[in-house]
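Structure first, then comments.
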Amino acid sequence: MPRKPDTSIIGKVFNDLRVEELTDERNSYGRLLYRCTCLLCRKTRMATKSNLIRGEVKNCGNHPVYTDISNRTFGKLTALYAIDKKQEKAEEKYGIADVNAEKNVMCHMEV
Ligand SMILES: [Zn+2]
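Sequence positions in the sequence shown follow the numbering used here and run 199 to 309.
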């Protein structure tokens, strides 16, 4: 007997994907696919529930993987979290360092 499809994750956000709806499409293992929106670029990505929960699918797949250096200290800068380069306003308040190859990193300046 097929298990009842789980709709409890609809509307939830997993990494950079927001779950929009359960579709009747299945992947090659017969698992139901959810239609998700990539919060970084608004593209649609299909993923199973376990893909989302286990973090196997984090966004639409078009964004470069970057090394997470959060909480690491570089000289007087402590990396807080990666940001989009567009967040220029934050620069006034915090130091922003390009220590990561693909992404800028919000840093905390030790004074
Ligand atoms: Zn995307």
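Ideal placement from N, C-alpha and C gives every residue a C-beta, glycine not left out.
Candidates the options: closest to residue i by CA position
i	options	result
N260	R270, T242, T276	T242
M244	I208, I251, T235	T235
G253	K202, D204, I208, F212	F212
E218	T205, R224, Y227, S226	T205
D222	R216, L278, P203	P203
Helix, strand or coil at residue i according to DSSP, with G and I counted as helix
i	result
L238	coil
V297	Confidence in V297 is poor, its pLDDT being 49 and thus under 50, which makes the residue's placement unreliable; the coordinate value appears in the next sentence. Here V297 sits in coil by DSSP.
Enclosing beta strand (DSSP E) for residue i [first to last residue]
i	result
E218	215 to 224
Residue i and residue j closer than 8 Å at C-beta
i	j	result
K256	Y232	no
I207	L250	yes
L230	L215	no
Residue i at chain B interface by Cβ criterion, 8 Å
i	result
L250	Absence of chain B from the displayed structure is noted, only one protein chain being present.
inquiry  = Please output, in chain order, the residues near ligand 1 using a CB cut-off of less than 6 Å to any non-hydrogen atom of the ligand.
reply    = Those residues, listed in chain order, are C236, L238, C239, K241, N257, C258, N260, H261.
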